[in-house]
Every structure is written in structure tokens, then in C-alpha cells.
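Data first, discussion second: the structure below is written as C-alpha cells.
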Ligand code: GTP
Ligand code: MG
């Protein structure tokens, strides 16, 4: 099944949203496959956001992500990458629907609380980058009440 890399950014940690964000993914029916708190290096963040290196906001983005610890997670389940992005909401919180994490808890793009992989291919890269692929495998017993036979 599909896995996605979800990260709670420094503002999400500072604002006490860790439990809330984890609860949303749990309650939706996704399986937690990896979880840790980390103070990432500049090098790691520059790799993670490598595709954005040419953007004018890139230095600001790296500084933001270095401003405190983050929560790193792998969530697994049906269409996890796309559904994870829907649960996060639009990049710019002002454009995010209510009911999404950003739409409920953020106002500005430079303080948008969370990250989610944008493709299955990038999810694989990010899980390797942040977890060195050290992801737990176990049977979620509740799955029989989440997925049709
Ligand atoms: P992530 O899940 O964090 O990757 O966000 P995203 O995929 O919705 O957007 P994208 O990958 O294009 O941008 C990565 C992050 O850079 C965003 O989540 C923002 O935190 C930040 N960012 C994007 N655009 C801007 C901008 O115009 N100004 C600032 N300050 N930050 C931006
Ligand atoms: Mg992105």
C-alpha cells in the first residue's frame, strides 16, 4: 500500500498542534508507519526542498524550517499521498478549505504548519531521506473496519 511523508513544521510544534494533526491521520484510517521528533540540519532541509532552490523565498523557507524541531511521520493507506495533501489543504492557507489542517490553523504561506509529499515518487525519496527507510511493518487490526473485503 501507499506511503506518504508528513511533517509538522516548527510552528505546528510550537502551537501545540502535534496531537491534533496526528489524530486526524489516525482517525481517517491511515496506519502510522514511522514517527520521530528531529532538529534537521540545513543540509537535510536543502535536500528536502531541493526543487525550490531557485525560488526567491528559498532562504526564508530554510530559515523557517530551522527555527525549531519538527515531527516526522510516515502514514500508510489507500491513496495516502493525494489524500494526505487534501487533508493538509492548499499551500497558501488563505486558499485552504475549512476542515483542512492549514484551512483550520494557518493564515500565511510562510507559516503553514505542515508538509506532505506531492507524489508517490517524492514520498519514496522523502521517506529515504528522513527515515533511511526505517519504517515499521505490522498489521493494523482495525483495517478490517476501514477497508471493504
Ligand atoms: P510542502 O508540503 O511544505 O512541500 O508545501 P507545498 O507542497 O504545498 O508547497 P511547495 O512545495 O510549493 O512549497 C514548499 C513550502 O515553501 C510551502 O509549504 C511554504 O512553507 C513555502 N512557500 C511556498 N511558497 C512560498 C512563498 O511564496 N513565500 C514563502 N515565504 N514561503 C513559501
Ligand atoms: Mg511541496
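In UniProt numbering, the protein residues as written are 4 to 152. Using N, Cα and C, we set each Cβ at its ideal position, and we do this for glycine too.
{"query": "Residue 52 - containing beta strand (DSSP E), residue span", "result": "First-last for residue 52: undefined, no H or E at that position."}
{"query": "Given residue 63 as reference, the closest of 52, 75 and 81 once Cα atoms are compared", "result": "52"}
{"query": "Contact test: residue 63 Cβ vs the ligand GTP heavy atom, cutoff 7 Å", "result": "yes"}
{"query": "Residues that residue 37 bridges to, as DSSP identifies them", "result": "77"}
{"query": "Start and end residues, beta strand (DSSP E) containing residue 119", "result": "117 to 119"}
{"query": "Heavy atom of the ligand MG within 7 Å of residue 107 beta-carbon", "result": "no"}
{"query": "Residue 117 versus residue 104: straight-line alpha-carbon distance, rounded", "result": "8 Å"}
{"query": "Local Cβ density within 10 Å of residue 149, reported as buried at 16 or more and exposed below that", "result": "exposed"}
{"query": "Contact test: residue 57 Cβ vs the ligand MG heavy atom, cutoff 7 Å", "result": "no"}
{"query": "Cβ-based burial, residue 115 [other Cβ within 10 Å; buried from 16]", "result": "buried"}
{"query": "Residue 137 beta carbon near the ligand GTP (any heavy atom closer than 7 Å)", "result": "no"}
{"query": "Span of the beta strand (DSSP E) around residue 11", "result": "6 to 11"}
{"query": "Residue 94 Cβ short of 7 Å to the ligand GTP heavy atom set", "result": "yes"}
{"query": "Closest residue to residue 35 among 76, 71, 15 and 72 (Cα-Cα distance)", "result": "76"}
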